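Chains as they are written, first to last, in numbering that gives the first Met the number 0: chain A, 0 to 481; chain B, 0 to 244.
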Amino acid sequence: MEKKDDIKEIIEGREYKYGFVTDIESEVIEKGLNENTIRTISGKKDEPPFMLEFRLNALKQWQSMSHPDWANLAIPPIDFQAISYYSAPKMKKKLSGLEEVPQEIRHTYEKLGIPLEEQKILSNIAVDAVFDSVSVATTHQKALAKKGIIFCPISDAIKNHPDLVKKYLGTVVPVGDNFYAALNSAVFSDGSFVYVPPNTKCPMELSTYFRINTQETGQFERTLIICDENSYVSYIEGCTAPAFDTRQLHAAVVELIALDNAEIKYSTVQNWFPGDPKTGKGGIFNFVVKRGQCRGKNSKISWTQIETGSAITWKYPGCVLIGDNSRGEFYSVALTSARQQADTGTKMIHLGKNTKSVIISKGISADYASNSYRGLVRINPGAQNARNYTKCDSLLVGDKCSAHTFPYIEVGNISSQVEHEASTSKISEDQLFYFQQRGIGRDEAIKTIINGFCKDVFSHLPMEFAVEAKKLLALRLENSIG
Amino acid sequence: MLEIKDLHAGIEENEILKGISLSVNKGEIHAIMGPNGSGKSTLGNVLAGHPSYKVSNGSVLFEGDDLLTLEPEDRALKGLFIAYQHPVEIPGVGNAEFMRMAYNVKAKKEGREELDPLDFDELMSRKMELLGMDAKYKERGVNEGFSGGEKKKNEILQMALLEPKLTILDEIDSGLDIDALRIVAENIQKLSGDKNAIIIITHFPRILKYIKPHFVHVLGSGRILKSGGIELAMELESKGYDIIK
Chain A
0 MEKKDDIKEI
10 IEGREYKYGF
20 VTDIESEVIE
30 KGLNENTIRT
40 ISGKKDEPPF
50 MLEFRLNALK
60 QWQSMSHPDW
70 ANLAIPPIDF
80 QAISYYSAPK
90 MKKKLSGLEE
100 VPQEIRHTYE
110 KLGIPLEEQK
120 ILSNIAVDAV
130 FDSVSVATTH
140 QKALAKKGII
150 FCPISDAIKN
160 HPDLVKKYLG
170 TVVPVGDNFY
180 AALNSAVFSD
190 GSFVYVPPNT
200 KCPMELSTYF
210 RINTQETGQF
220 ERTLIICDEN
230 SYVSYIEGCT
240 APAFDTRQLH
250 AAVVELIALD
260 NAEIKYSTVQ
270 NWFPGDPKTG
280 KGGIFNFVVK
290 RGQCRGKNSK
300 ISWTQIETGS
310 AITWKYPGCV
320 LIGDNSRGEF
330 YSVALTSARQ
340 QADTGTKMIH
350 LGKNTKSVII
360 SKGISADYAS
370 NSYRGLVRIN
380 PGAQNARNYT
390 KCDSLLVGDK
400 CSAHTFPYIE
410 VGNISSQVEH
420 EASTSKISED
430 QLFYFQQRGI
440 GRDEAIKTII
450 NGFCKDVFSH
460 LPMEFAVEAK
470 KLLALRLENS
480 IG
Chain B
0 MLEIKDLHAG
10 IEENEILKGI
20 SLSVNKGEIH
30 AIMGPNGSGK
40 STLGNVLAGH
50 PSYKVSNGSV
60 LFEGDDLLTL
70 EPEDRALKGL
80 FIAYQHPVEI
90 PGVGNAEFMR
100 MAYNVKAKKE
110 GREELDPLDF
120 DELMSRKMEL
130 LGMDAKYKER
140 GVNEGFSGGE
150 KKKNEILQMA
160 LLEPKLTILD
170 EIDSGLDIDA
180 LRIVAENIQK
190 LSGDKNAIII
200 ITHFPRILKY
210 IKPHFVHVLG
220 SGRILKSGGI
230 ELAMELESKG
240 YDIIK
């Protein structure tokens with residue numbers, strides 16, 4: 000009957016099932032970061048001069064910045080000169096179709112549940128597969144192109160749609176916005192680009208699957224999504240990495256732009272390698288800048304994130320509500336177990352009249368983990384009749400973990416209304432025992448309580464991903480209570 | 000059905016049950032009475048396998064199995080059910096969802112058909128009607144914001160759905176007004192039969208006016224001090240627990 004000691008055994012026994020390494024020869028550039036690195040990356044990608052300038056400007060700004068230290072995280076010092084900023088699987092020539100993707104890489108994605116072969120590709124989701132620093136395959140491109148929708152690696156967009164890139168890149172997250180935004184702007188390698196033309200509802204989910212494979216590389220992807228007037232797109236991002244015992248840095252920038260009456264729904268299921276559960280060695284540092292601008296009137300941007308992986312997660316997907324009547328939403332489940340740390344939340348900046356934002360954040364902390372919610376709601380003087388509703392709940396599993404909440408609320412006019420609710424609860428031994436007394440085992444009981452706790456967020460995920468997310472949480476928490 | 004022999008148990012080093020022996024057969028209703036602190040609730044928790052309690056001596060056979068070696072959920076699946084005095088709240092987990100899980104786990108174990116949400120809803124609605132429970136309690140979190148009386152009804156509702164072999168009712172009458180007590184007691188009476196058994200743990204004899212026990216045991220300082228028929232309960236009512244001193 001004694002359950003108090005099984006926590007140790009479980010932490011040791013838990014597995015990260017995406018931790019395999021793909022054996023493929025990669026071209027990795029020398030470690031370190033200086034002007035030459037930038038020129039090399041830009042040269043390898045055969046970029047137009049405006050891009051090289053963009054990068055060099057970013058590097059210059061980054062060099063004058065220092066690493067931010069305000070987060071509630073214990074971040075070991077990072078040597079930015081000990082990272083290689085570009086790694087690509089060696090391929091003989093430029094790929095002209097899915098069938099030319101090297102077998103090892105195809106297998107990798109297959110193992111991750113993302114078939115890249117023409118006859119097997121998922122019919123309702125278009126996938127851009129990013130492997131280390133490059134995009135290796137993008138499915139359904141032709142079908143989307145018929146509707147005028149551009150979905151391609153951002154490196155292709157820079158070459159093929161330079162006007163769009165020039166017009167929008169760096170306009171939501173300026174190059175000098177912060178330390179990691181500047182770093183990403185200087186060295187970003189690949190990522191996805193989406194443009195949905197006016198009056199178009201994107202007929203399928205668009206998705207990018209990020210995979211870090213090579214040790215001691217960083218992944219710096221850049222995503223840019225533009226949804227033109229009266230259009231709609233739903234985009235999903237998934238991520239995994241092999242289990243190495245050294246740290247890997249993932250510093251992405253995502254920019255979303257919604258014009259008049261446009262709607263962007265952006266969902267993330269993040270399952271980067273969390274590090275060795277026992278020692279805390281290795282794992283991904285997931286430092287990401289994600290921001291959307293509701294530029295047009297009545298536009299809407301919705302972020303849904305399920306954060307379960309990474310050694311450290313540090314991100315605040317936010318919305319700048321410029322257009323009148325625009326709406327920003329943030330639905331988040333952040334789960335930290337073992338030795339993971341997370342400081343995550345959102346920023347809602349209200350500029351336009353009658354703008355609305357909703358924040359639902361669920362933090363779950365188990366084992367020895369630390370989980371912080373940090374959220375800013377700013378209502379500028381001109382944002383008359385703005386509304387915000389925030390609900391921020393924390394759930395503790397076990398008695399060695401912690402949960403923290405840091406809300407920042409700034410209201411600049413009297414016609415606006417801001418609500419903030421917060422709660423912290425703990426899965427108690429008595430709750431689990433109640434399930435058991437009704438014939439339901441402890442694992443099932445924990446899963447049920449967690450799913451109940453997260454259901455306000457899961458309901459905003461695309462259907463098949465909600466199922467995935469539930470499974471993922473269950474896997475992460477298996478036996479995770481003393 | 001249940002054979003308890005010289006059971007010693009407690010929390011950490013503190014022994015609460017100091018040698019309980021009791022045998023319960025199919026079709027029987029037993030009442031265990033006693034003053035506060037006599038160990039009444041501990042008995043239920045020990046039989047259910049609550050991890051805070053440790054058994055230091057004795058044995059318990061339930062339907063021929065050594066109950067004390069089974070996990071709590073396996074004890075439940077074998078047909079042991081506790082209706083709690085203070086059932087815990089589980090926010091976020093819908094009451095109907097929870098009960099369907101419990102129902103289906105048991106159905107699966109017994110090789111019966113599992114019910115989908117619609118069929119289960121029908122079954123649950125019928126049972127709730129008998130208990131005079133409002134339909135709003137289906138979708139609420141388990142026991143979340145329920146009044147004391149509704150919590151008790153909710154326990155009996157689970158008993159009705161799970162049809163246990165042995166039910167232990169822990170102070171089911173406490174905090175119930177007279178109408179609620181009557182409804183709860185009538186339902187318990189309906190659920191008792193010659194295939195199952197019930198142990199009523201109570202401080203006050205008043206519930207025994209509605210549910211007639213075959214045996215009454217008086218518990219004091221962790222032991223059964225006196226056993227008898229319904230007349231023992233009557234005696235307690237008129238004279239109080241002084242009769243065991």
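Glycine included, C-beta positions come from ideal geometry on N, C-alpha and C. Remember, predicted model here, so these are calculated numbers, not experimental data.
From the beta carbon of leucine 76/B, is the nearest beta carbon of chain A less than 7 Å away?
-> yes
Using a C-beta to C-beta distance shorter than 7 Å, which residues of chain A count as neighbours of histidine 49/B?
-> Phe432
Do you know offhand how far threonine 267/A's Cα is from glycine 308/A's?
-> 12 Å
Using a C-beta to C-beta distance shorter than 9 Å, which residues of chain B count as neighbours of isoleucine 439/A?
-> Glu72, Ala75, Phe97, Met100, Ala101, Val104
How is glutamine 383/A classed by DSSP in three states: helix, strand or coil?
-> coil
For phenylalanine 49/A, which of Gly31/A, Pro161/A, Ala156/A, Ile40/A has the nearest alpha-carbon?
-> Pro161/A
Hey, out of Ile348/A, Glu428/A, Asp455/A, Lys141/A, whose CA is closest to alanine 444/A's CA?
-> Glu428/A
Identity of the residues DSSP links to aspartate 176/A by a beta bridge = According to DSSP, aspartate 176/A bridges with nothing at all.
Beta-bridge partners of alanine 125/A, as assigned by DSSP = Leu205/A
Can you check DSSP and say which residues form a bridge with lysine 4/B?
-> Ser58/B
7 Å Cβ shell around isoleucine 242/B - same chain, five flanking residues per side excluded = Glu234, Leu235
Near glutamate 1/A, which residues of its chain fall below 8 Å by C-beta distance, leaving aside the five closest residues on each side in sequence?
-> With a pLDDT of 35 at glutamate 1/A, under the threshold of 50, the predicted position of this residue should be treated as unreliable, and no value is reported.
DSSP three-state call for cysteine 400/A: helix, strand or coil?
-> coil
Per-residue contacts from isoleucine 448/A into chain B (C-beta, under 8 Å) = Ile89, Gly91, Val92
Cross-chain neighbours of glycine 147/A in chain B, by beta carbon under 7 Å | Here the premise fails: no neighbours, minimum Cβ distance about 42 Å.
Using a Cβ-Cβ distance under 7 Å, would phenylalanine 452/A count as near chain B?
-> yes
Glutamate 428/A touches chain B at which residues, Cβ-Cβ below 8 Å?
-> Pro50, Ser51
Nearest CA to the CA of glycine 411/A: which residue from Arg386/A, Glu52/A, Ser233/A, Ala402/A?
-> Arg386/A
Residues that glutamine 436/A contacts on chain B, provided the C-beta gap is smaller than 7 Å | Ala47, Pro71, Ala75, Ile81
At least 3 beta-carbon pairs within less than 8 Å: the stretch 139-154 of chain A vs the stretch 182-200 of chain A = yes
Any idea what DSSP makes of tyrosine 194/A, helix, strand or coil?
-> strand
Mind listing the chain A neighbours of glutamine 157/B? Cutoff is C-beta to C-beta under 8 Å, in chain order.
-> Arg437
Between threonine 138/A and valine 126/A, is the Cβ-Cβ spacing less than 7 Å?
-> yes
What three-state label does DSSP hand alanine 337/A in the structure shown?
-> coil
Contact check, lysine 289/A vs serine 331/A under 8 Å by CB: the rounded distance?
-> That pair is no contact at about 11 Å.
Of all the options Leu129/B, Glu230/B, Ile10/B, which has the alpha carbon lying nearest to the alpha carbon of valine 183/B?
-> Leu129/B
Please classify lysine 141/A: does DSSP put it in a helix, a strand, or coil?
-> helix
Helix, strand or coil: which one does DSSP assign to histidine 216/B?
-> strand
Would you mind working out which of Lys44/A, Leu55/A, Asp78/A, Leu431/A sits nearest phenylalanine 284/A, comparing C-alpha positions?
-> Asp78/A
Continuous beta strand (DSSP E) assignments of at least 3 residues falling wholly in the stretch 24-100 of chain B = 28-32, 52-61, 79-82, 89-93
Return the chain-ordered list of same chain residues with a C-beta closer than 6 Å to the C-beta of tyrosine 209/B, the five sequence neighbours on each side being excluded.
-> Ala184
Delimiting residues of the beta strand (DSSP E) encompassing alanine 196/B = 196-201
Which partner residues of cysteine 391/A appear in the DSSP bridge assignment?
-> Ser360/A, Ala421/A
Taking C-beta pairs closer than 9 Å, name the residues in chain A that proline 86/B reaches, listed in chain order.
-> Tyr433
Contact between the stretch 104-118 of chain B and the stretch 52-71 of chain B (3+ Cβ pairs under 8 Å) | no
Would you kindly work out how many angstroms separate the C-alpha atoms of leucine 224/B and arginine 181/B, rounded to a whole number?
-> 29 Å
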